[in-house]
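Trainee: Protein chains in written order, with numbering that gives the first Met the number 0: chain A, 0 to 213; chain B, 0 to 213.
There are 2 protein chains.
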Amino acid sequence: MRMKLYTYFRSSAAFRVRIALNLKGLAYEAAFVHLPKGEHREPEYTALNPQALVPALLDDGSLLTQSLAIIEYLEETHPKPPLLPKDAPGRARVRSLALLVACEIHPLNNLRVLQYLVKQMGHSEEDKNKWYHHWIHDGLAKLEAQLTSIPGTSRFCHGDAPTMADCCLVPQIFNAKRFDCDTSHAPTAMRVFDACMQLDAFQRAQPSRQPDAE
Amino acid sequence: MRMKLYTYFRSSAAFRVRIALNLKGLAYEAAFVHLPKGEHREPEYTALNPQALVPALLDDGSLLTQSLAIIEYLEETHPKPPLLPKDAPGRARVRSLALLVACEIHPLNNLRVLQYLVKQMGHSEEDKNKWYHHWIHDGLAKLEAQLTSIPGTSRFCHGDAPTMADCCLVPQIFNAKRFDCDTSHAPTAMRVFDACMQLDAFQRAQPSRQPDAE
């Protein structure tokens, strides 16, 4: 049976998993969960995924959650092409880059946090955008520093084939562009982004190419 | 040569790695990085770890960053006792629980975010505490839902031996307790917390037992 991905076109966590599925050449059925409408909080979805977040992947009766856990699962169940290098320090480097995006940048700028700033804390759109730009700027500076000062970066974040790190970098850069964030202090990250976007697996995964895109 | 852990007693990401090192019986040298004094932003430290975050682990000439990448590295280089189950869906479940803490709860409440709310956004201590409690409450509800509705939880988050998920749960509960957050809606998480704290590996890793504790 085909895998089923619960996704929303603009979710960057879902975007990461779409890239990984494409890179591994895995076909999947898409189920759309409209986040701004709150469909992820509906009982029908939370019965399936108690975290009430997208993405989730249904495979062989198991419901898998959290984008990086899903990508690790795909790596273990469909090892080729690999999204992690073979050596332990290299694997740690790739995971660290992926986690830098997933733990330090993205969580501060996702929809529910931005909504909380405006609705619960009374901030203006301008304040919200300043917050957004601040954490993107700070995060991209850290990403750039890691890419340039710890050896391993080549055409992609780590070596000459895409890895889990690239699956995280690309959606984050899409978000930065969407909110008109300055990325000039992260030339290496942007060069890697451009290299990724030359690949069909990344192109097909992008928000505007999803059936639920608005 | 012994591993060297760059740590701060109160960092919950460093706390996760201290637990993992203890569970695996690995001795390490501790180097203390005082976060409130900003020592992580000093050139001496950023030359080593360009992410300017703790923890970092120096092992065999490699500098490893991001707590979950470090724990995965320890799992690969020192497989016993395992901190991940053997089956792919079980591994995904454990990683998802760990990432729920690391990506959805902790990033919103770490020191630099709280400082930004007060110093840059002009919020009061009361606002800051409300923010803190909100995300802890929301995150623990998701964690509890995942622990109770997706089979696998037993004495610990997954089965009867501690895993990477417990390494993340325990520091998060410490933070919740420190800020007097209500945890009554997460009885399973609290029961697992209590089971973990009966183990020496968790006890020795806690903030108050660190040489740099204030």
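Even for Gly, the Cβ is constructed at its ideal location relative to N, Cα and C.
Suppose you measure from the CA of Cys-215 of chain B to the CA of Pro-150 of chain B; what does that come to, to the nearest Å?
Mentor: An answer regarding residue 215 of chain B cannot be provided, because it is not within the stretch 0 to 213 covered by chain B.
Trainee: Could you please give the first and the last residue of the uninterrupted alpha helix (DSSP H) stretch that includes Lys-176 of chain A?
Mentor: Unbroken alpha helix (DSSP H) run through Lys-176 of chain A: 163-177.
Trainee: Can you have a look at Ala-204 of chain A and say buried or exposed, based on whether 16 or more other CB atoms are within 10 angstroms of its CB?
Mentor: Flag for Ala-204 of chain A reads buried.
Trainee: Look up Phe-192 of chain B in the DSSP assignment and say whether it is helix, strand or coil.
Mentor: Helix, per DSSP.
Trainee: Does any CB atom of chain A fall closer than 7 Å to the CB of Ala-175 of chain B?
Mentor: It does not; no Cβ of chain A falls within 7 Å.
Trainee: Are the C-beta atoms of Gln-50 of chain A and some chain B residue less than 7 Å apart?
Mentor: Yes, Gln-50 of chain A lies at the interface with chain B (some Cβ there is under 7 Å from its Cβ).
Trainee: Please check if any C-beta of chain A sits within less than 7 Å of the C-beta of Gln-205 of chain B.
Mentor: So, not an interface residue.
Trainee: With DSSP run on the structure shown, which of helix, strand or coil describes Leu-25 of chain A?
Mentor: Correct three-state label for Leu-25 of chain A: coil.
Trainee: 7 Å is my cut-off, CB to CB: does Cys-102 of chain B come that close to chain A?
Mentor: Chain A contact via Cβ: present.
Trainee: Quick check: is the beta carbon of Thr-76 of chain A nearer than 7 Å to any beta carbon in chain B?
Mentor: Yes - at least one Cβ of chain B is within 7 Å of the one on Thr-76 of chain A.
Trainee: Using DSSP with H/G/I as helix, E/B as strand and the rest coil, what is Gly-89 of chain A?
Mentor: Reduced to three states, the DSSP call for Gly-89 of chain A is helix.
Trainee: Can you tell which of A:Pro-81, A:Pro-88, A:Met-163, A:Phe-178 has the C-alpha that lies nearest to the C-alpha of Glu-125 of chain A?
Mentor: Of A:Pro-81, A:Pro-88, A:Met-163, A:Phe-178, the residue nearest in Cα terms is A:Phe-178.
Trainee: On the three-pair Cβ rule with 8 Å, is the stretch 177-191 of chain B touching the stretch 111-124 of chain B?
Mentor: Flag = no, the stretch 177-191 of chain B and the stretch 111-124 of chain B do not touch.
Trainee: Any contact of the stretch 29-41 of chain A with the stretch 79-97 of chain A, i.e. 3+ C-beta pairs under 8 Å?
Mentor: The stretch 29-41 of chain A, when compared against the stretch 79-97 of chain A, does not touch it at the 8 Å Cβ threshold.
Trainee: Counting only Cβ pairs nearer than 7 Å, list the residues of chain B close to Ala-87 of chain A.
Mentor: By Cβ distance, chain B contributes Tyr-72, Glu-75, Thr-76.
Trainee: For the stretch 132-143 of chain A, enumerate the residues whose C-beta is nearer than 8 Å to any C-beta of chain B, in chain order.
Mentor: So the close ones are His-133, Lys-141.
Trainee: How about Ser-11 of chain B: is its C-beta nearer than 7 Å to some C-beta of chain A?
Mentor: No, no contact with chain A.
Trainee: Below 8 Å, how does it come out for the stretch 15-33 of chain B and the stretch 206-213 of chain A: are there three or more Cβ pairs, yes or no?
Mentor: Contact fails: fewer than three Cβ-Cβ distances are below 8 Å.
Trainee: Have a look at A:Met-0, A:Asp-199, A:His-77 and flag the residue whose alpha-carbon is nearest the alpha-carbon of Tyr-27 of chain A.
Mentor: The shortest Cα separation from Tyr-27 of chain A among A:Met-0, A:Asp-199, A:His-77 belongs to A:Met-0.
Trainee: According to DSSP, simplified to helix, strand and coil, what is Ala-140 of chain B?
Mentor: If DSSP states are grouped into helix, strand and coil, Ala-140 of chain B belongs with the helices.
Trainee: Would you kindly check if the distance between the Cβ of Glu-71 of chain B and the Cβ of Arg-111 of chain A is under 7 Å?
Mentor: No, they are not a contact pair.
Trainee: In the DSSP assignment, find the unbroken beta strand (DSSP E) run with Ala-55 of chain B in it and report its ends.
Mentor: Ala-55 of chain B -> beta strand (DSSP E) spans 55-58.
Trainee: Interface residues of chain B around Pro-106 of chain A at Cβ under 8 Å?
Mentor: Within 8 Å Cβ-Cβ: Cys-102, Glu-103, Pro-106, Leu-107.
Trainee: Could you give the DSSP three-state label for Lys-79 of chain B: helix, strand or coil?
Mentor: Three-state result, Lys-79 of chain B: coil.
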